[in-house]
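To start, the structure itself, in structure tokens.
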Ligand code: ADP
């Protein structure tokens, strides 16, 4: 097992990883930017090193500074968390070259799944259904031809995109040329790579994903699904496990497909295979995330398994000693962000003057905030994840309401707590009638 792990991240996920390391008897090193001197991960780690200025390029994306921090502290492994360098194969390679274990898959697997057009091809070869679509498109002419072949409406997507960015819906041929050019320019600006591909646009699907962990001995274990259909601008807002839509048969099919893909590419580590599922329960692979995800705790609450622990253990070469866990009860995660939901979710970073976290049976809060903490403006707006568990979905909803009503974050900032409270009152949410469009088109206008 590792002696000392450097956590190449910040915020709640850095705190989350430090906690498991402590329980495994592993020493921890936090890195931080000058804007994060007072962040909780800095206090909780055994050692902490300032690695640069507030901008991500100066610190959390600054590979030489991170490697130096690992070297001077004698860390033997690096956990990348999510975002930042977590899906950067070059970083994984450099860690290995410097004698540190990157806690994640091989750079080859990251390259393969990081190119979403290539990932689609691989999925087809592995026997996993994909949305009808194209390969990489080199120019607007090629893209127009692909759109014609697939049939409108189509979605043009950045091959190296993520976080719901670099995506455009094209509904008819007359807007195609402009939208393709926009998508290419956007992809170039956001991801440094203008490559795009197109996919048939699936009307009002659900986003359902399978969590898996694979060890270096050929074992792939799946941990059931997460329902992530409640989205705003293609970004997840609330997640739950299990999905209210998935029955045992569909769960088995999705898990089998995810496992096939992981086995086909010889995957190692924690990963998530994402699918779109239509009303008739047809499912289509869209992408694989080669890292731990924000929403992993809902899976932990219904399986009783610490996913970060398994992720670290398989990275250290251990064998996975478990079968697919049975799912018990229902879990829901609310992403509490510092955004003003009444003003189009405008970010409102500020200082937290008063904080009261909810607690009690079946309530978990993953956060890096505390009373007196100032939220820096440089990073994402996630303040805390509230995750509730209940024996049934109804109980989880009741518990969610109770916990949200106890949750107090005051100061010169707004949070999305009031939004989540209203969401839990909405009939479509209560009935589990979810799809990737319903939040924007129906729920938000009504609350
Ligand atoms: P990203 O990597 O940016 O998160 P994804 O490919 O995972 O992009 O898609 C994000 C979201 O966009 C999905 O959850 C879904 O809401 C929507 N989406 C993606 N592909 C399609 C499609 N072919 N048809 C309809 N919606 C889609």
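In the UniProt record's numbering, the protein residues as written are 1 to 447.
Glycine residues also receive a C-beta, built at the ideal position from the N, C-alpha and C atoms.
Need the endpoints of the beta strand (DSSP E) that residue 367 sits in, please. 363 to 367
Consider the C-beta atom of residue 231 and the heavy atoms of the ligand ADP; say whether any pair is separated by less than 8 Å. yes
Would you report the Cα separation of residue 190 and residue 176, rounded to the nearest angstrom? If you take the alpha carbons of residue 190 and residue 176, they lie about 21 Å apart.
Would you call the stretch 342 to 351 and the stretch 114 to 121 touching, i.e. three or more CB-CB distances under 8 Å? no
Is residue 205 near the ligand ADP, with its Cβ less than 8 Å from a heavy atom? yes
Assess, as a yes-or-no matter, whether the stretch 239 to 250 is touched by the stretch 204 to 217 under the definition of 3 or more beta carbon pairs within less than 8 Å. yes
Can you list every residue whose CB sits closer than 5 Å to some heavy atom of the ligand ADP, going in chain order? 131, 155, 161, 162, 164, 199, 201, 202, 207, 234, 286, 287 and 436
Beta-carbon gap between residue 195 and residue 160 smaller than 9 Å: yes
For residue 222, tell me which candidate among 228, 302 and 279 has the shortest Cα-Cα distance. Of the candidates 228, 302 and 279, the one whose C-alpha sits nearest the C-alpha of residue 222 is 302.
So which of 140, 284 and 146 has the shortest CA-CA distance to residue 134? 146
Spatial neighbours of residue 239 in its chain, beta-carbon cut-off 6 Å, leaving aside the 5 residues before and after: 226, 228, 295, 298 and 333
Pop quiz: residue 102 and residue 78 are said to be a contact at Cβ under 8 Å. What is the actual Cβ separation, rounded to whole angstroms? 6 Å
When the Cα atoms are used, what is the spatial distance from residue 192 to residue 83? Rounded to the nearest angstrom, the two C-alpha atoms are 16 Å apart.
Start and end of the alpha helix (DSSP H) containing residue 98? First-last for residue 98: undefined, no H or E at that position.
Under the DSSP definition of a beta bridge, which residues are partnered with residue 232? According to DSSP, which records beta bridges pairwise, residue 232 is partnered with 235.
Cross-strand partners of residue 50 (DSSP beta bridge): 32
What residues match up with residue 374 in a beta bridge as DSSP calls it? 351
Taking Cβ positions, are residue 183 and residue 267 nearer each other than 9 Å? For the 9 Å CB-CB criterion, residue 183 and residue 267 do not form a contact.
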